[in-house]
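In the numbering used here, the protein residues as written are 143 to 277.
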């Protein structure tokens, strides 16, 4: 399975989903002009990866680590972040552990709270942690 790599642009984050390491990262500023066009490749990739793992029937399925680190995201992106979380949560149905890190810049309490709200609103039971980091 190939990795998904989308370069950051001025209005959209870097996306790197690596099936070798099972580290999935979304990092940057997120207010793309067309959120559907931006997020659809990530959603499709997650569906393909889940299908690949299901067909492969691998016993050595590695846990998935998800890293989000935003300076800013808009409300349209918020909806798609919830969709991504739900898609990622589907891997737990395959017996794969999922752990999410929500990074935020020092003193950016608003972004920290946004992460907490995102997880509460999504109503998923995935473990997550908020981490103060440098961008």
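Just so it is clear, CB atoms sit at the ideal spot from N, CA and C, and this is done for glycine as well.
CA-CA distance, residue i and residue j?
{"i": "residue 183", "j": "residue 276", "result": "28 angstroms"}
{"i": "residue 268", "j": "residue 242", "result": "7 angstroms"}
{"i": "residue 163", "j": "residue 249", "result": "31 angstroms"}
{"i": "residue 260", "j": "residue 239", "result": "20 angstroms"}
{"i": "residue 181", "j": "residue 262", "result": "21 angstroms"}
{"i": "residue 231", "j": "residue 264", "result": "10 angstroms"}
{"i": "residue 155", "j": "residue 214", "result": "10 angstroms"}
{"i": "residue 256", "j": "residue 212", "result": "10 angstroms"}
{"i": "residue 199", "j": "residue 237", "result": "11 angstroms"}
{"i": "residue 174", "j": "residue 148", "result": "13 angstroms"}
{"i": "residue 161", "j": "residue 193", "result": "13 angstroms"}
{"i": "residue 204", "j": "residue 270", "result": "17 angstroms"}
{"i": "residue 252", "j": "residue 226", "result": "21 angstroms"}
Less than 6 angstroms between C-beta atoms, sequence neighbours within five positions excluded: which residues of the same chain meet that for residue i?
{"i": "residue 165", "result": "207"}
{"i": "residue 218", "result": "177"}
{"i": "residue 167", "result": "158, 209"}
{"i": "residue 169", "result": "155, 156, 211"}
{"i": "residue 171", "result": "213, 214"}
Starting from residue i, trace the beta strand (DSSP E) both ways and give me its first and last residue.
{"i": "residue 245", "result": "240–247"}
{"i": "residue 146", "result": "146–148"}
Return the first residue and the last residue of the alpha helix (DSSP H) that residue i is part of.
{"i": "residue 167", "result": "Per DSSP, residue 167 belongs to no alpha helix (DSSP H); it is in the beta strand (DSSP E), 165–172."}
{"i": "residue 197", "result": "177–198"}
{"i": "residue 227", "result": "217–231"}
Helix, strand or coil for residue i per DSSP?
{"i": "residue 260", "result": "helix"}
{"i": "residue 267", "result": "coil"}
{"i": "residue 203", "result": "coil"}
{"i": "residue 162", "result": "coil"}
{"i": "residue 254", "result": "helix"}
{"i": "residue 156", "result": "strand"}
Apart from the five residues on each side of it in sequence, which residues of its chain come closer than 8 angstroms, Cβ to Cβ, to residue i?
{"i": "residue 221", "result": "177"}
{"i": "residue 189", "result": "229"}
Relative to the C-alpha of residue i, which residue among the options is closest?
{"i": "residue 274", "options": "171, 210, 150", "result": "210"}
{"i": "residue 196", "options": "253, 252, 151, 234", "result": "234"}
{"i": "residue 224", "options": "236, 258, 192, 245", "result": "258"}
{"i": "residue 145", "options": "227, 252, 186, 216", "result": "186"}
Using C-beta distances below 7 angstroms, list every residue in its chain close to residue i, excluding the 5 sequence neighbours before and after it, in chain order.
{"i": "residue 254", "result": "246, 272"}
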